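Residue numbers (this note's numbering): 1 to 326. Where a beta carbon is used, it is the ideal one built from N, C-alpha and C, also for glycine. For clarity, every value in this text was computed on a predicted model and none was experimentally measured. Reviewing the structure listed below.
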Ligand code: NAP
Ligand code: HSE
């Protein structure tokens with residue numbers, strides 16, 4: 001049986017979650033695809049941390065070249081975070097002819113054009129499902145199944161950390177700082193949670209979502225943005241009294257050919273489909289000219305939900321590069 005060889009860049013929440021998701025389904029996907037997966041090397045910051053007992057310690061490396069320049073490695077999957085050196089590593093891997101999977105929305109949003117063009121130039125596949133809305137397969141839906149649509153509107157709750165914080169503040173009156181700490185401990189938050197609470201992470205995700213749904217790339221710093229740090233308990237109580245719920249909303253609307261977009265807290269009427277989306281759950285509500293209204297909902301952060309999307313991209317590339325398609 002043919003073996004596809006993988007190099008992982010990063011083995012934290014997402015890298016570890018994807019490894020676990022793939023380990024749990026190994027028998028199933030090997031049989032289905034007729035191709036085996038071998039994880040040859042994993043890049044980490046330090047070799048001193050305790051890792052999984054079922055991985056030989058020699059698999060871990062602190063030298064990215066061990067993965068990027070290894071001719072045996074077919075797919076490089078990046079979940080290390082940060083714009084650099086992650087972008088440089090992904091570009092270099094593509095130049096070496098490797099397919100690339102990433103969960104790193106900051107790197108993709110800031111470097112969307114060079115990453116997609118480089119993948120095209122070197123004839124390799126580039127997948128990023130885990131970048132937007134964690135476990136929800138929204139990018140696959142938009143770029144595959146919903147291709148026969150012109151999108152009119154895409155609205156989303158795209159950050160698990162802030163939705164978790166707002167939910168806990170709204171439902172239980174818990175203080176912001178306490179819930180943020182809890183979200184960090186659960187592995188939802190970014191390395192620097194400022195990216196979550198200031199809406200930077202959502203702007204990165206919206207930039208990718210707009211590029212793929214409307215074919216218009218907007219640099220994330222050009223997206224008008226407001227996070228949740230200014231949302232007070234008084235705002236939440238006032239919204240409640242008016243039958244509303246405050247959510248951090250990413251919005252992109254095609255207004256007669258003009259794309260209007262923003263990231264900001266919005267008091268949604270309680271009967272709006274996005275108002276009931278709680279905790280680390282994300283949701284995307286969209287309108288396509290053919291399909292009409294659609295709503296996707298699922299866990300937007302955390303090891304296994306994100307590992308599901310990241311692992312799915314790896315398996316999709318395995319299927320396209322030698323495995324059976326169905
Ligand atoms: P994490 O838990 O902090 O893990 C990062 C991993 O990358 C660690 O294994 C770390 O090594 C390694 N690493 C970081 N910088 C490195 C460098 N310069 N050289 C070598 N190794 C390096 O992060 P995460 O939460 O998995 O997030 C990873 C990416 O996925 C980020 O782009 C994030 O935005 C995105 N993402 C996260 C989630 C989520 O729910 N957490 C969901 C979707 C997407 P050590 O283990 O040695 O520290
Ligand atoms: N920090 C991000 C969030 C991780 O809370 O949604 C998933 O992208």
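Quick check: is any heavy atom of the ligand NAP less than 8 Å from the C-beta of residue 104?
Yes, the ligand NAP has a heavy atom inside 8 Å of this Cβ.
CB-CB under 6 Å to residue 135, same chain, minus the five flanking residues each way: which ones, in chain order?
Result list for residue 135: 298, 299, 305, 308, 309, in chain order.
Given a cut-off of 9 Å on the beta-carbon distance, is the pair residue 37 and residue 11 in contact?
The Cβ atoms of residue 37 and residue 11 lie no closer than 9 Å to each other.
Residue 53 (DSSP reduced to helix, strand or coil)
Of the three classes helix, strand and coil, the one that applies to residue 53 here is coil, per DSSP.
For residue 176 and residue 250, what's the separation of their Cα atoms in angstroms?
For residue 176 and residue 250, the distance between alpha carbons rounds to 21 Å.
Any heavy atom of the ligand HSE nearer than 6 Å to the CB - residues listed
Residues whose Cβ lies closer than 6 Å to any heavy atom of the ligand HSE, listed in chain order: 134, 159, 160, 161, 188, 189, 190, 196, 201, 300, 301.
Since residue 59 is in the beta strand (DSSP E), which residue starts that stretch and which ends it?
Counting along the chain, residue 59 falls outside any beta strand (DSSP E), and DSSP gives it neither H nor E.
Pick from 287, 3, 317 that is closest to residue 147, judged by C-alpha positions:
Selected option, being the one with the closest Cα: 287.
Take the Cβ of residue 127 as the centre, count every other Cβ of all protein chains shown within 10 Å, and call the residue buried at 16 or more, exposed below.
Classification for residue 127: buried.
Any chance you could list the beta strand (DSSP E) runs of at least 3 consecutive residues sitting entirely within the segment 61-147, in chain order?
The segment 61-147 contains these whole beta strand (DSSP E) runs: 75-78, 99-102.
Count the CB pairs spanning the segment 184-198 and the segment 255-262 that are closer than 8 Å, and state whether there are at least three.
Short answer: they don't touch.
Identify which residue in 106, 97, 107 has its Cα closest to the Cα of residue 122.
With distances taken between Cα atoms, residue 122 lies closest to 97.
By Cβ distance below 7 Å, which residues in the same chain neighbour residue 196 in space, the five residues on each side in sequence not counted?
The answer, listed in chain order, is 159, 161, 162, 189, 190.
Cβ shell of residue 101 (< 6 Å), same chain only, five flanking positions each side left out
Within the same chain, and ignoring the five residues on either side of residue 101 in sequence, the residues whose Cβ sits closer than 6 Å to its Cβ are 77, 127, 313, 314.
What residue ranges within the segment 282-314 form continuous beta strand (DSSP E) runs of no fewer than 3 residues, ordered along the chain?
Taken in chain order, the complete beta strand (DSSP E) segments of 3 residues or longer contained in the segment 282-314 are 292-299.
Since residue 16 is in the beta strand (DSSP E), which residue starts that stretch and which ends it?
No beta strand (DSSP E) contains residue 16, which is instead part of the alpha helix (DSSP H) from 13-33.
Tell me which residues share the same chain as residue 20 and place their Cβ nearer than 8 Å to its Cβ, disregarding the 5 neighbours each side in the sequence.
Cβ contact annotation for residue 20 (same chain, cutoff 8 Å, sequence separation greater than five): 303, 304, 307, in chain order.
Can we say the segment 21-33 touches the segment 77-93, given the rule of at least three CB pairs closer than 8 Å?
Output reads no: the segment 77-93 does not touch the segment 21-33.
Beta carbon proximity, residue 254 to chain C, threshold 9 Å:
Protein chain content of the structure displayed is limited to a single chain, and chain C is not contained in it.
Give the secondary structure of residue 3 by DSSP, where H, G and I count as helix, E and B as strand, and everything else as coil.
Strand at residue 3.
Bounding residues of the beta strand (DSSP E) (the contiguous stretch that carries residue 156)
That run of the beta strand (DSSP E) goes 151-157.
Verify the contact flag: residue 244, CB atom, against every heavy atom of the ligand NAP, threshold strictly below 8 Å.
No, the beta carbon of residue 244 sits no closer than 8 Å to any heavy atom of the ligand NAP.
Coarse secondary structure for residue 42, derived from DSSP in three states
Strand at residue 42.
Put residue 316 into one of helix, strand or coil per three-state DSSP.
Note: residue 316 maps to helix in three-state DSSP.
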